[in-house]
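Inspection log for the structure reproduced underneath, given as structure tokens.
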Amino acid sequence: MSTQTPAIDIEKLRKVYTRGKEEVTAIQEISLQIPEGKFVSIVGPSGCGKSTFLHIVGGFIPKSTGTVRIRGKEVDKPGPDRGMMFQESALFPWKNVYDNVAWGLEVQGVEKAKRDEIVEHYLKLVHLWDFRNNLPSELSGGMKQRISLARVLAFNPDVLLMDEPFGALDAQTREKMQVELQRIWQESNKSVMFVTHDIDEAVFLSDIVVVFSGRPAVIKEIIEIDFARPRQLDVHKTQEFMDIRNHIWDLLHQEHSKSGEDEF
Amino acid sequence: MSTQTPAIDIEKLRKVYTRGKEEVTAIQEISLQIPEGKFVSIVGPSGCGKSTFLHIVGGFIPKSTGTVRIRGKEVDKPGPDRGMMFQESALFPWKNVYDNVAWGLEVQGVEKAKRDEIVEHYLKLVHLWDFRNNLPSELSGGMKQRISLARVLAFNPDVLLMDEPFGALDAQTREKMQVELQRIWQESNKSVMFVTHDIDEAVFLSDIVVVFSGRPAVIKEIIEIDFARPRQLDVHKTQEFMDIRNHIWDLLHQEHSKSGEDEF
Amino acid sequence: MKKGWNIIVQYQSLIWIVVAWEIIAFMQIMPERLFPSLGKVVVVAIDLISSGMLMENLPTTLFRVFAGFALAAVVGVPLGLLMSRSAKLNDVMQPMFSLGYPIPRVALYPILVFILGLGSASKVSLIFIECLFPIVLNTYYGATRVGKIYLWAGQNMGASSSQIFWRILLPATMPTIFTGLKIALPLAFIIAVLTEMIGSTIGMGYLLSYMSASLMQEKVLACVLLITLVGYLLNLLLQVIQRKYVFWQ
Amino acid sequence: SGQSAQPSSGAASGGQAAAGGNQPVEIRLGGGFSSEEPLWLMQVNPELTPHQGKSYTLNITQFRANADRLNAYQANQIDIASIGQGATLVAASQGIPLKVIASVIKETPGKGFNTPFMALKDSGINSMADVKGKVIGIPDFKSPTDMWARAAIRSAGMDPDKDVKYAIIPIPSMAEAVKSKKIDIGMFPQPFGATALKSGEFKEVFNAKTGVQADEDFLSMFVNPEFLKNNEQAVKDFLSDYVAALKYYNENGTEARKLLIEKQKVKADPDTYINLTDNNRSTDGKVDPEGWKAVQDILLQEKWLDKPVDLNTIIDMSYLPQ
Amino acid sequence: MDKRLHKIALIEVVVLLVLWQLLAMLQWIPEYLSSPAVIGKELLAMVMSGDLFSNAAASLYRSLLGFLLVAVVGIVLGIAAGYFKPIGVFFTPIVDVLNPVPKIALLPILMVWFGISDTTRVLLIFLTAFFPCFIATQDGVHGVKQVYVWAAQNMGASRIQILWKIILPAALPKIFDGLRVSLGLTFVMLFSSEMIGSSNGLGLGFMILTADMAGRTDLMFVSIFVIALLGFLFDRILLAVRARLLWWSENRG
Ligand SMILES: Nc1ncnc2c1ncn2[C@@H]1O[C@H](COP(=O)(O)OP(=O)(O)OP(=O)(O)O)[C@@H](O)[C@H]1O
Ligand SMILES: Nc1ncnc2c1ncn2[C@@H]1O[C@H](COP(=O)(O)OP(=O)(O)OP(=O)(O)O)[C@@H](O)[C@H]1O
Ligand SMILES: [Mg+2]
Ligand SMILES: [Mg+2]
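Chains as they are written, first to last, in this note's numbering: chain A, 588 to 851; chain B, 588 to 851; chain C, 2 to 250; chain D, 14 to 335; chain E, 57 to 309.
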């Protein structure tokens, strides 16, 4: 495959939800090309269409118009090349933690011994090996999120789609997970599309931050971030970091005052 | 009622979950007295027992041992004096946004005209008046959280129990909601118990921050914060704010390295 | 045009069945007396309608179906919901259903006749008993699966037990309740017809047994066709109501 | 529906052994639950039936209603049906091919048991005149019992459609229905008649013969003509055994019934059953063509039969032992 | 299984029997309704002679075969119709139309094809008990959270895997609701299916019929009692299986 082909290629994507006669335009029009192996974050106001965007890229819901290509192939259904971590818990309530993580591997035909090894590795990574026999209903919100992370990492997709994966984690756990995610991403050649509300997190992790406008979403700005890798936590304290962060903040702030006016 | 009586009085609270023969101690032992009208935040590592704690104070789940009193009265079941905002969405899927918010008022016997007024007020406050006819399933994660906020504020309880109420909001919306919550709390004489992972948020909003240890939870430290009210957003930039914030960060960090060792 | 085609696609299974039936009838694969062509059956059915036989018998049967079914729904739904809330009530009721439901109630019908007479009372009671089980069970299990967070939210807003019962538990259980109703309604219909076949002088079941005594299968099938049609329409009505009340799923 | 193609595929199932050598022919007989004692005896007492197992085997299936039996017959699931006279006539007039070959039980005026219609002793119903305006319980419309009741009403100069009412009551609950006054008069075939009489609470108001004065072959057997053609000898042998069993039963009623109870063939209360007075039965298995004609006339009069059946074509006593 | 429940069931039955016996002894109910003592005596006699077992075995064979068929066909078809829209569209009209048909009316036709045989009886049971299972399964599939299916698709699960490993377990609670109703109906139909005539004379339904025709209500009640008992037993077995398979669910018992 030519290296010229973008890993993710989105053209004139548009999404309108309909219910009866009512229509809600979630995505106005978005075009975006992401080269292979990049870490991309998406930030934007609540309800602007980020989850919708990820669901379309994941192939879960149909788009209204436009095209979405992953490594040159048009997306029309979900596939294991794109691992999705959903905003709400998608853990199977009838499987315990261990089996939830192992299932994707089983489906992929990974043999038992290998599977056990991988599951153990990732459950330890998210510090929940002790809870492997528990049911999802017996876990706290943050624990569920970490299991979902382990599940998607374990089955090792080329493209990671993550919808606020660390939203329910405390600051420390969050930092640990960020560091781990960066490491895993660097060691592999994954492309990541990452939705977050935490601007610091977006800047710290990403090669590219895409800022969405308020609903209906268009791209407000695309910001490239080129701190050296691997990034250490203290990069937060550099002036450059602060500048980018404040810039994004301002962008969103504009968006907000605007949409605030709209809605009142 | 004597002003001496704490609004919330918790003594030697302990909670053990059992499934079959297995036991998980969620809360080791917690005692805590909160005077009337205080804003209290609880911070602690993921899975330490914060939600469990709030659920017990709300009267939803039984405690193992100890006592919980609200304004001198022992808690044994849920009641409208303690408004709870749950970590996961508790919006009724069969009611539209408007009816979800109006329901609590209807149950309280608030008459139609008054009810309409209150619902409109709070739906506008969370910027979702336009979505009043939508079903919860048609909202984004952050929108659902804002509706839940509107719902609990609308029915105006004496004690607010909030479990990561702003976790799914973007930074700007979050700030707006923080400011609004502070205003509403100040104007009324509510006591608030607020679980959050955002240390800044905890420090900015609270009179008292309670730091929980890792599971099983005990209280690691209680920190009083006495910035003048109403606090403006720029309080974040003061040195005192930074100091408190860093102190809490360190406390949690210790907790983390400890639990990290435990679990590996 | 397009709409017409869609309807054909939607109901193609029935069309296939009719076609298969006609082929079997035409080729006389089955004895002709037992397997008349549907054309004949329809002619007889129309005759039953135009001669007033249908209108003489249908209202009685419908009344019995409605009465028994409605009674079962009015009793069964609250009972199922209550059982999900009260372990005591559940303990008392569950064995009654386990033990009582498998009893061949039609065999016990004469006892009901002894107590309630041959009129509608005994038939309505049997329909009631028959429908109760699926309605109660589906309601009960549905209610136990309602996320407790909804109940918590209701309690939290100070809803009384009855408000929680009627305004949270009931709507949250609605999809499953309708499953139960969908299962029960045809049962009501079948039992009405069966009991009318045993001892009655009016009703669709009477008409059916009367026709079968005259040994003409096309008359019997015409009755079955009419019964089926009415049953189908009732079911349709239920689905319309369901769409109205569980729009949110 | 003059075309009478059915049942015709009989050659496939019943008749296959006919041409062959010693293989016995299976006779599939559909009967009911009452009054077929001679047939049941054939099952429990092989001594009476020398041909059974040699030239034929007997497979009896019991059905609840006439319609079930006739359906099974049309579906070619039975070769011989033991069934009521009225049902036979209706079936024949509909063009269902059949040959009546033997009588099973009769309602003969003044001979043997005649099925009574009874009321409570203290009901005040003493004669036919008192029946006017009363409710009569019968098990089924258009059945022999219906015919008996209507004929009796007519014979007393009343209009069976206007002067009385009918209620459909399953026979087992007839006694209760009368006792609880849901109906005024009930019909009691054996063994219910015997039980009811024994209780001393009931008295007869009229009986099956009050209106229908003929010698009725209340139950008779008909055979599928196709089957008959292919298995003439087997049917003859079967009928010869049947008449032997019939004879034995006529002569040794009490012992025969005792045997049936012992062999669990009959589940009735033993005391009542063993000692009951049975209806009249044919001595040689033959039906009475005069009786058939009389019944057919009644059926025509009631319009239960559209057109008369040529009785000569359906009754054939030539297979019975001469 | 819940011991408490058994105790309560036992108490209920005993209370009912005592009441019945009392009413019978006081002659407040007609002789026609028999009495527990008489029935008990008869039951004992039938146990001793072994008649009961041969009859019960014949009936059980038919009803359990029917139920098995219902479970397999009902669940498979219900899942297929719930998950694959075209299959659902195809089957919905048939089910809606056939459901209210009094199945007994189809008997003559079944008889031509299958004779007066166990096949006909089992089919009759199947035709009645199929619908609750099918409807509940289909509704259960419709109620499965979309995000579970998404997650599975996302991990590259095949359709078969999704049906078998996601849809089935997620719909299982509702499937069991349907199965329980179907099981009950199976035992009810056991009577009706044997009513069509029996050639070897074995079966509890047939026993009811013979006894009823001969005015032996005590015998009839014995059969009814045994059917109820068997129904209860299998209902409990079904509940135990349910508790086993739904151990993860909040309402497992
Ligand atoms: N229903 C339950 N059964 C068994 N254990 C449970 C149950 N609910 C919670 N726990 C356990 O109790 C502990 C505390 O859970 P809790 O939900 O209170 O944590 P938390 O502090 O709210 O975490 P988070 O910040 O991730 O939401 C966890 O270890 C969890 O596994
Ligand atoms: N199923 C649906 N039907 C109708 N409208 C929908 C549906 N899902 C989402 N929407 C609408 O689409 C818009 C975008 O929703 P989306 O979930 O993509 O937002 P988001 O950016 O992920 O927000 P958040 O940060 O709060 O999660 C919202 O206005 C929402 O109301
Ligand atoms: Mg979202
Ligand atoms: Mg929590």
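Beta carbons: idealized from backbone N, C-alpha and C, even for Gly.
- Task: Tell me whether E:Glu-250 is buried or exposed, calling it buried when 16 or more other Cβ atoms sit within 10 Å of its Cβ.
- Result: Counting of Cβ neighbours within 10 angstroms places E:Glu-250 among the buried residues, the total reaching 16 or more.
- Task: Could you have a look at B:Thr-605 and say whether DSSP puts it in helix, strand or coil?
- Result: strand
- Task: Using a Cβ-Cβ cut-off of 8 Å, state whether D:Gln-75 counts as contacting chain C.
- Result: For D:Gln-75, the nearest beta carbon of chain C is not closer than 8 Å to its own beta carbon.
- Task: Would you grab the beta carbon distance between B:Gly-754 and B:Pro-632 for me? Rounded to a whole angstrom, and I think it's under 8 Å.
- Result: Actually they are not in contact, since the Cβ atoms of B:Gly-754 and B:Pro-632 sit about 15 Å apart, beyond 8 Å.
- Query: CB-CB under 7 Å to A:Val-796, same chain, minus the five flanking residues each way: which ones, in chain order?
  - Reply: Ser-628, Val-630, Ala-789, Val-790, Ile-810, Ile-812, Ile-835
- Contact set, ligand 4 heavy atom to C-beta under 5 Å: A:Ser-727, A:Gly-728, B:Ser-638, B:Gln-674
- Nearest-angstrom Cα distance between D:Ala-257 and D:Ala-94? Answer to the nearest angstrom: the Cα atoms are 19 Å apart.
- Message: With three or more beta-carbon pairs closer than 8 Å as the criterion, would you say the stretch 136-153 of chain D touches the stretch 171-181 of chain D?
- Response: yes
- Message: Just to confirm before moving on: does the CB-CB distance between E:Gly-199 and E:Lys-230 stay below 8 Å?
- Response: Yes, the Cβ-Cβ distance between E:Gly-199 and E:Lys-230 is below 8 Å.
- What's the call for D:Met-81, buried or exposed, on a 16-neighbour Cβ count within 10 Å? It should be noted that the sequence gives Asp, not Met, for residue 81 of chain D. Around the beta carbon of D:Asp-81, 16 or more other beta carbons lie within 10 angstroms, which makes this residue buried.
- Note down, in chain order, each residue of its chain lying with its Cβ closer than 8 Å to the Cβ of E:Met-245, except the 5 sequence neighbours on either side. Taken in chain order, the residues that qualify are Ser-119, Gly-122, Leu-180, Ile-181, Thr-184, Ala-185.
- Per DSSP, the bridge partner or partners of A:Val-798: A:Val-630, A:Glu-808
- Query: Nearest to B:Gln-765 by CA position, among B:Asp-745, B:Asp-787, B:Ser-775, is which residue?
  - Reply: B:Asp-787
- Message: Using C-beta distances below 6 Å, list every residue in its chain close to B:Cys-876, excluding the 5 sequence neighbours before and after it, in chain order.
- Response: Nothing can be reported for residue 876 of chain B: it is not among the residues displayed for chain B, which extend from 588 to 851.
- Item | Straight-line Cα distance separating B:Arg-606 from E:Arg-308 | The predicted model places E:Arg-308 with a pLDDT of 40, which falls under 50 and marks its position as unreliable, so this point remains unresolved.
- Message: Any contact between the stretch 275-286 of chain D and the stretch 75-91 of chain E? By contact I mean 3 or more CB pairs, one from each, below 8 Å.
- Response: no
- Taking only runs of the beta strand (DSSP E) that begin and end inside the stretch 682-710 of chain A, which ones reach a length of at least 3 residues, in chain order? none
- C:Ile-228: buried (16+ other C-beta within 10 angstroms of its C-beta) or exposed? buried
- Can we count B:Cys-635 as close to ligand 1, meaning its CB is less than 7 Å from some heavy atom? yes
- For C:Leu-182, decide whether its Cβ has a neighbour in chain E, counting only Cβ atoms nearer than 8 Å. no
- Output the distance between the C-alpha atoms of E:Ser-305 and C:Leu-235, rounded to the nearest integer angstrom. 34 Å
- Query: Below 8 Å between beta carbons: does that hold for D:Asn-293 and D:Lys-119?
  - Reply: yes
- Message: Is there a C-beta anywhere in chain A that falls below 8 Å from the one on B:Arg-606?
- Response: Yes - at least one Cβ of chain A is within 8 Å of the one on B:Arg-606.
- Query: Would the C-beta of A:Asp-750 count as close to ligand 3, meaning under 7 Å from any of its heavy atoms?
  - Reply: yes
- Message: Under 7 Å: does the beta carbon of B:Ser-724 sit that close to some heavy atom of ligand 2?
- Response: yes
- Message: Any heavy atom of ligand 2 inside 7 Å of the beta-carbon of A:Arg-802?
- Response: Yes.
- Message: For the pair the stretch 645-652 of chain A and the stretch 772-787 of chain B, tell me if three or more CB-CB distances fall below 8 Å.
- Response: Put simply, the stretch 645-652 of chain A does not touch the stretch 772-787 of chain B. Fewer than three CB pairs are less than 8 Å apart.
- Message: Let me confirm a value: C:Gln-11 is counted as buried when at least 16 other C-beta atoms fall within 10 Å, else exposed. Which label applies?
- Response: It counts as exposed.
- Closer than 8 Å, Cβ to any Cβ of chain D: which residues of the stretch 266-285 of chain E, in chain order? Thr-266, Ala-267, Asp-268, Met-269, Ala-270, Gly-271, Arg-272, Thr-273, Leu-275
- Query: Who pairs with B:Asp-596 in a beta bridge, going by DSSP?
  - Reply: Residue pairing by DSSP places B:Asp-596 opposite B:Gln-620, B:Arg-656 in a beta bridge.
- Assign B:Lys-599 to buried or exposed, taking buried as 16 or more other Cβ atoms, counted over all protein chains shown, within 10 Å of its Cβ. exposed
- Query: Exposed or buried, which one is D:Gly-43 when buried takes at least 16 other CB atoms within 10 Å?
  - Reply: buried
- Message: Taking only three categories from DSSP, how would you classify C:Pro-111?
- Response: helix
- Message: Counting only C-beta atoms, is C:Trp-6 closer than 8 Å to chain B at any point?
- Response: Taking Cβ atoms only, chain B never reaches closer than 8 Å to C:Trp-6, which makes this a no.
- Item | B:His-708 versus B:Arg-702: straight-line alpha-carbon distance, rounded | Rounded to whole angstroms, the separation of the alpha carbons of B:Arg-702 and B:His-708 is 10 Å.
- Please name the residues in the stretch 662-683 of chain A whose beta-carbon is closer than 9 Å to at least one beta-carbon of chain E, in chain order. Against chain E - using a Cβ distance shorter than 9 Å - the residues of the stretch 662-683 of chain A are Lys-664, Pro-665, Gly-666, Pro-667, Asp-668, Arg-669, Gly-670, Met-671, Phe-673, Glu-675, Ser-676, Ala-677, Leu-678, Phe-679, Pro-680, Trp-681, Lys-682, Asn-683.
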